[in-house]
Ligand code: ZN
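Take a look at the structure:
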């Protein structure tokens, strides 16, 4: 599969809980490789399936392009579940390929443990902290229909109102292919 258009905030699929994956066939394998390609083309470090219009519980992460994380391996998580999180939290300025050019501080647990399935549908456990934990929580939220702009304080919500409405109306220039309608869905 090629580089896919990225859905934008306002697109219906981003507000839906993604559907569980029960079979990993060639279509799913193709989707995952397309998600990596689409993410890298947009200089992203994480991407959820509903961000390319696929109603599937899958996200991909690759933070190896970020200084200090060169050894980090690309990951594809199928049917991810959070099984533990630290009480300790951190604040980090997040952005999102579905909300181009907007950033805001989000508080999240510093460490997180995920249970997920790999492409052979074997169950795996992964403990992550710092940037990797941050990205994975952001992507997991996507699969639950949650965007980072839902998690910011009231003042930031006010500030983001106008830019978000511009994105919803597609009155923004984006450097990578994006969906052309709020009903965009491929799988
Ligand atoms: Zn995002």
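In our numbering, the protein residues as written are 15 to 201.
Every residue, glycine too, gets a C-beta built ideally from N, C-alpha and C.
Owing to the predicted nature of the structure, the values given are computational and were not obtained by experimental measurement.
Cα-Cα separation between residue i and residue j, rounded to whole angstroms
{"i": "residue 197", "j": "residue 126", "result": "33 Å"}
{"i": "residue 190", "j": "residue 141", "result": "32 Å"}
{"i": "residue 169", "j": "residue 160", "result": "19 Å"}
{"i": "residue 117", "j": "residue 177", "result": "11 Å"}
{"i": "residue 90", "j": "residue 24", "result": "25 Å"}
{"i": "residue 44", "j": "residue 185", "result": "31 Å"}
{"i": "residue 187", "j": "residue 21", "result": "14 Å"}
{"i": "residue 56", "j": "residue 98", "result": "31 Å"}
{"i": "residue 71", "j": "residue 78", "result": "23 Å"}
{"i": "residue 150", "j": "residue 53", "result": "14 Å"}
{"i": "residue 134", "j": "residue 38", "result": "7 Å"}
{"i": "residue 152", "j": "residue 36", "result": "23 Å"}
{"i": "residue 181", "j": "residue 114", "result": "8 Å"}
{"i": "residue 19", "j": "residue 139", "result": "31 Å"}
{"i": "residue 145", "j": "residue 34", "result": "26 Å"}
{"i": "residue 162", "j": "residue 40", "result": "31 Å"}
{"i": "residue 63", "j": "residue 49", "result": "7 Å"}
Under the three-state DSSP convention, the category residue i falls into
{"i": "residue 14", "result": "Lying before the first or after the last residue shown, residue 14 is absent from the chain, which here runs from 15 to 201."}
{"i": "residue 65", "result": "helix"}
{"i": "residue 169", "result": "helix"}
{"i": "residue 200", "result": "coil"}
{"i": "residue 144", "result": "helix"}
{"i": "residue 55", "result": "helix"}
{"i": "residue 161", "result": "coil"}
{"i": "residue 75", "result": "strand"}
{"i": "residue 153", "result": "helix"}
{"i": "residue 178", "result": "helix"}
{"i": "residue 28", "result": "helix"}
Burial state of residue i (16 or more Cβ within 10 Å)
{"i": "residue 192", "result": "buried"}
{"i": "residue 27", "result": "buried"}
{"i": "residue 29", "result": "exposed"}
{"i": "residue 60", "result": "buried"}
{"i": "residue 101", "result": "exposed"}
{"i": "residue 112", "result": "buried"}
{"i": "residue 136", "result": "exposed"}
{"i": "residue 158", "result": "exposed"}
{"i": "residue 82", "result": "exposed"}
Supposed contact pair residue j and residue i - C-beta distance, whole angstroms, cut 8 Å
{"i": "residue 165", "j": "residue 120", "result": "5 Å"}
{"i": "residue 32", "j": "residue 69", "result": "6 Å"}
{"i": "residue 76", "j": "residue 88", "result": "4 Å"}
{"i": "residue 46", "j": "residue 74", "result": "7 Å"}
{"i": "residue 130", "j": "residue 92", "result": "6 Å"}
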